[in-house]
Amino acid sequence: MANNHVLVIGGGISGIASALELANGGLSVYLIEKEATVGGYAASFCCKATDVCSNCSVCVVPSKIKEAVIHPQISLLTNSTVQKVSGEVGDFRVEITQKPQYISLERCIACGMCTEVCPTEPKAIYLPSAEAIPFSYILDERLCLRFKGEDCNLCRESCPTNAIDFKRKSKRQELSVTTIIVATGFEVFDGREIGSLGYGRYPNVLTGLDLERMFNREGLLKLPSNGKEPQNIAFIQCVGSRNESHCYCSQVCCKYAMRFARLIKYQNPNAEVTIFYIDLQTAGKGFAEFYEECKESTRFIPGVPVEILEAHSGELEVKFENILEGKVNREVFDLVVLSVGMVPRKDSWDLARILGINLGDEGFFDTKPLNSIETNVEGVFLAGTCQGPKDIPNSIAHGMAAAKRAMEVLVRCR
Amino acid sequence: MNREDNKIVAFCCEHSAYQVANKAGKMRLHYPDNVRIIRVPCAGRVDVQHILKAFEKGAAGVLVMGCQEGACQHLTGNTRAKERVKYAEDLLKEVGIDGGRVKMVNLAPDMAQRFIREVKEMTEKIEGR
Amino acid sequence: MQVRIGIFICDCGKSLSNIDFPKVKERVEKFQEVVYVDLSSSLCLEESREKIVSIIRERDINRVVIAGCAPELKENVFGKVIEEAGLNCNFLSMANIREQCSWAHESDVTNKALELVRMAASKARFLQPVEKKDMPVNKQVLVVGGGFSGMKSALELSGLGLRTTLVEEEAVLGGKLGEFEGFYGIETTPEEMLSSMRKAVEENGDIEVFTSAEIARVEGQAGDFTIRIRRGEDKLSRSCGAIIFATGYMTEILPQDFQLKPDVNIISRRKLVEMLQAPGELERRPGTIGFVLDVSDENSRLPILSTLNNALAVKERLGSEVYVFCKSLKVDSEGVEKLYREARERGVVFLKFEEKPRISKKDGRVKVEARDVLLGEEVTLLCDFLVAEEKVLPPEGTEALSSMLNIGTDSAGFYQDENVHLYPVASERKGIFFVGGCKGDLDFTRISTDISSATMSIYKLLSPEKVMVEVEKVKVEPEKCRACLTCVRVCPHGAIQMVRVDTEKEVAKIYDLACDGCGICAAICPAKAIRFEGYADEQILAEVEAIGESL
Amino acid sequence: MIIAERKPLEEIKNMLSGYKKILVVGCRTCVTICWAGGEKEVGILSSQLKLASSGEGNELSILEATVERQCEKEMVIEELGDKVQEVEAILSMGCGAGVQTIAEIFEEKPVFPALNTTFIGMPEAEGVWVEKCGTCGDCMLYWTGGICPVVRCAKGLLNGPCGGTRKGGKCEIDPEKDCAWVLIYRRLEKQGRLDLMRKYYEPKNYRAVQRPGRVEAATA
């Protein structure tokens, strides 16, 4: 065995779980992330507890991310993508490209003085988010005057640690690893694809992801149109799941919708919450009881609406087939939340080609039957939602399981 | 501390509330500057005596901030903290200090707004507003 | 040793404009036992770190206060710095003057910053070293339960080079997987899967198997458990470093759900599987078979998974009409939506009810009446066999084992408390894990994932070259301990036990590897005999007292 | 073990009125274990007294100490000998025996009890103690399956239940509590000694322990 390095592609919660397990098991890990920050979707979600936990698992994420980032056995490469892979299990050669790091992670102390002096609007140099990890500023080439041929040097001059260097080029490097764990995650279904639901056109139609981020930032729900607290909210389940082109259940939407429903009712007991569903997924530890509790305060209607129209006042008229009454009903809500599911990443195909692994029918990476970790290429393992929908605990478990396979390869070789 | 001060001592669990306070700072969400945060490994580490001592030394309010009920990494830490806060309230009432000046708050790591609201509420309470 | 505090203040590139740093420095210099104060602009950069090391050495500093940004990402950096300077990494105290002071307030917060530094310095005075040591651990693992999950766990552990003892109550390994007819679209039958696993376990030199045996007692802590095993009259003992529980589940047709007792027409899943395996032995081909789900068990995925697979097998082998009565189709596991669609395409009819179906007997057949919510109509079905829903329950002995081990169960009595920090496989006690049906989850792919993650957690716990632990970070002072058992009873991680010191007095002892550092014991001890270094009473109280002392 | 409870602060404050310098003394034995008078409780009571007195503008000066066993003269002298001189009064957080031991040693100082000594008992749940022994001085546990009717029967009956036992074996006086005689019956049944239920007990000699009690060990 040439070395004891493992490559983990993707710095979301699954990739982080894999990296942590391997690093704590004594191996060295390269964790590469396409974006400037790690944590993926899970890091942008919100806690859905009222005063009592609703088991959404979002709170387990930040400490894992921090642990991984400071772990001495984990080398984190952000802004990086895999270009080429050669070799075989035990000796993969992986070519990585890292976008130019105009701001050095080692030197940026996140003091924010660069943003203060940046003359563009919006700012070309900024912190990706308040909780960004690594906690470091980034420079957007598309906005920066420097990259438009101007001779602006304000941020560089203001930087107290000389962290900024416009001349940095993108970097290629070759990594030598024994196994590869793919943890590239998912994309959220684009609500706009179902035009009749009006997402993207009506301001008060949001997705589950929008809600997660709104609660994470603001801590409460506001109508995008006027900033007021919504009083009558509808959730529409299975948007982008369980249909002809996405023939699977996304596994998370029923749970987040019910958790949000309970949270909304807790914050505003006068609010009315309705959930339109096909089948409620109530399996899982303690969840059936949670559903019983939700039923007391939330209206559940079988059948999902097909059309939403905006009334003149900005309210939303939802047209749905009332199965119980056997007719088509219309009802008005001030906020409609589309419980969008998980879809495969559009760039999965590129990575599949580079690694030589297969894509399944639905576009997620494929595995052997009754095995959700191993791909058709020996030594390449899958972790998390790039293999299929999973909630946070299952993503973590899957990441750990992938780490176990990678570890097994090394143990066998010793 | 002077008795006229309006200082609040906040015992913050490092798994949740302490991170929340950092998040609030990072978001530049401003809150009253009379709060002094003491980091603890779990709200369950906070003892009645720590709370009493804070008042003895002149604090006007004490917040014990831990994880959401049911989400304590140590299972019972936050519920124990809640009981102790209740006990401390009773002991403080015996010495003539309004029970509302000590409070248990349950937070998740992302609840910056809630943290600020609690600090503001306690500040208003002790300033008699 | 005389305390010599060195305080390093960082103004974050002079960006924290609402703090008057020269003033802070000037005041801080007057603090008790402070021998050096440094004001710098970027402490966390490499060049500054080198400077800190040399100053610590030059000035003979033995307690370090860093006043700067939040400790979350930088604490370990500075910990390493002071270690490099020859100090124990616990001699570090941080004042968070950026995130929790400058950034959090608009007004001038020089005084607050000063107070925060004073709090950190006061705490620093009381810091004691915490040593790290490698701890001997037993690398053997105990697996309780010899069904699919137990066998797979043992095999996976062997793949990681760990030896196991596998204890099964029944006379043969196998458990309940054999009760499944099969997985649709997969050639290998469950029986074949089991027999190949059984063979692999028996041939594996790393796995020691005890059948017809049960666990009588478990003593000890992570890294060093002692297990007493009872096999008939024999009493055996084994030592291990970790335990996996894979004790499975049991199922029961609840009489209140069906009023009618299971008989020739109302059958269990197992009975159906027997019929499917030997269709030739049936007197005649059943014309209609019904399934009822979601009558009393809405938590488990087992009923829908087995029903879909079995319904498809019925279609394939018996060609009967198949009707499935259910409330909600639980399709939230891998491949189940596809299976459901396949079943519909093959003619399985799904009927959804809101109110429980009424079940009675008519002319030697079973009559099922329900209101179907999709059709909005009353439906009456006469079927030759009705496959009853079986409620999934924790196996016998779960309660006894969980109370003996001091580990929690969920509201339905299955292993593992409902706490997200334990998910997917951990218990509140280090070194004890749960996989498979005993956790209440019965989805095949999830179970496989869980087993791998449990085995990985064990590998991580027991296998690194050196298992490093912080020694006595939380410690009972034997001379103060009154053996009142309070800490033993309240420790959420079961990490405290009574031991005898000097063969005389029984006192509480905290096991370093099992301790998770919450400090609940230190707070509750009525004799104040427990010291939590870093969060000791005198340290917390020093911080409290430093607040607002006259500046 | 001796079980005690802390007195309400108001009562303690009244006892202490007029004194400015107080020594609060805990005991590391029984009262530590029943969370009433250990080192921790000493700290809590001291804090409370300081807060109460400063609230009234009349701050007390308080010393704290905890004795290994307050009922042992040597231990009390060793721990308190120096401190007592500095105070005007002593507040004992020991059981009644502890209070009296201190009072005997430091005769010139007033000694006040901060606890009510309640009974001899055992822990039932975390933070809950129940009475098990009435110190009658004439133990009959041998005949009653190890269950004491003197303290566990509300009426202290020695010859079977009173006749008012409620459904489910609960006590007539307090339906929350078990009838001691039902418990005794069940226990003896388990042991196959139900014949003992028929045994008649003479009225108990409650003067087996003459007050004040005194026990001398048979050998030195």
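Chains as they are written, first to last, in this note's numbering: chain A, 2 to 415; chain B, 63 to 191; chain C, 14 to 564; chain D, 1358 to 1577.
From the three backbone atoms N, C-alpha and C, an ideal C-beta is built for every residue, glycine too.
Inter-residue spacing [alpha-carbon to alpha-carbon] between residue i and residue j
| i | j | result |
| --- | --- | --- |
| A/I14 | A/G400 | 8 Å |
| C/G348 | A/R243 | 11 Å |
| A/N154 | A/R147 | 8 Å |
| C/G453 | C/V405 | 8 Å |
| C/G3 | B/E131 | There is simply no residue 3 of chain C to check, as chain C begins at 14 and stops at 564 in what is shown. |
| B/Y93 | B/I178 | 6 Å |
| A/G26 | A/K65 | 16 Å |
| C/Y548 | C/V16 | 18 Å |
| A/T121 | A/K223 | 29 Å |
| C/S346 | C/T201 | 20 Å |
| A/E142 | A/K149 | 9 Å |
| D/E1367 | D/G1453 | 20 Å |
| C/S4 | B/G161 | Absent from the model: residue 4 of chain C. The displayed extent of chain C is 14 to 564, so no value can be given. |
| A/I358 | A/V95 | 15 Å |
| C/A167 | A/I393 | 26 Å |
Closest residue to residue i among the options (Cα-Cα distance)
| i | options | result |
| --- | --- | --- |
| C/K369 | C/S252, C/F457, C/F338 and C/E358 | C/F338 |
| C/L175 | C/K541, C/V400, C/K248 and C/K473 | C/K473 |
| A/H72 | A/A18, A/T98, A/F334 and A/A402 | A/A18 |
| C/L186 | C/G332, C/L207 and C/T178 | C/L207 |
| C/L190 | C/S162, C/R70, C/L168 and C/I68 | C/S162 |
| B/K85 | C/E112, C/E478, C/I257 and C/T468 | C/E112 |
| D/K1440 | D/N1516, D/I1459, D/G1517 and D/A1482 | D/I1459 |
| A/S314 | A/K124, A/G192, A/N227 and A/L106 | A/N227 |
| C/K43 | C/S135, C/I523 and C/G158 | C/S135 |
| C/V48 | C/D33, C/R70, C/L56 and C/F34 | C/R70 |
| C/I279 | C/Q290, C/I266, C/L289 and C/E287 | C/I266 |
| B/F127 | B/E186, B/N68, B/I159 and B/C74 | It is Met, not Phe, that sits at residue 127 of chain B in the sequence shown. Ranking B/E186, B/N68, B/I159 and B/C74 by Cα distance to B/M127 puts B/C74 first. |
| B/V157 | D/K1377, D/Q1405, D/W1392 and D/R1385 | D/Q1405 |
Residues of its chain near residue i, where Cβ-Cβ distance is below 6 Å and the 5 sequence neighbours each way are ignored
| i | result |
| --- | --- |
| C/V150 | G236, G254, L475 and V480 |
| C/R241 | A229, R230 and S250 |
| D/G1521 | E1529 |
| A/P135 | L106 |
| C/D430 | G421 |
CB of residue i within 7 Å of CB of residue j, strictly
| i | j | result |
| --- | --- | --- |
| C/V335 | C/V361 | yes |
| A/S55 | A/R260 | yes |
| C/I20 | C/V41 | yes |
| D/I1369 | D/A1471 | yes |
| B/M184 | B/G123 | yes |
| A/F46 | A/V30 | no |
| A/V178 | A/V7 | yes |
| D/S1449 | D/V1388 | no |
| A/F190 | A/G364 | no |
| C/G158 | C/G261 | yes |
| A/V338 | A/L317 | no |
| A/C109 | A/A164 | yes |
Residues of its chain near residue i, where Cβ-Cβ distance is below 7 Å and the 5 sequence neighbours each way are ignored
| i | result |
| --- | --- |
| D/G1526 | D1535, C1536 and V1539 |
Cβ neighbours of residue i in the same chain (closer than 8 Å, five flanking residues each side left out)
| i | result |
| --- | --- |
| B/L153 | V110 and L114 |
| D/K1512 | C1519 and I1530 |
| A/E213 | S45, F46, C47 and Y257 |
Inter-stretch contact at 8 Å, needing at least 3 Cβ pairs: the stretch 531 to 539 of chain C / the stretch 490 to 507 of chain C:
Counting Cβ pairs under 8 Å, three or more are found: they touch.
Mind the definition here: the stretch 269 to 289 of chain A touches the stretch 408 to 418 of chain C only if three or more C-beta pairs lie below 8 Å; say whether that holds.
With a cut-off of 8 Å, the stretch 408 to 418 of chain C and the stretch 269 to 289 of chain A do not count as touching, because too few Cβ pairs lie within range.
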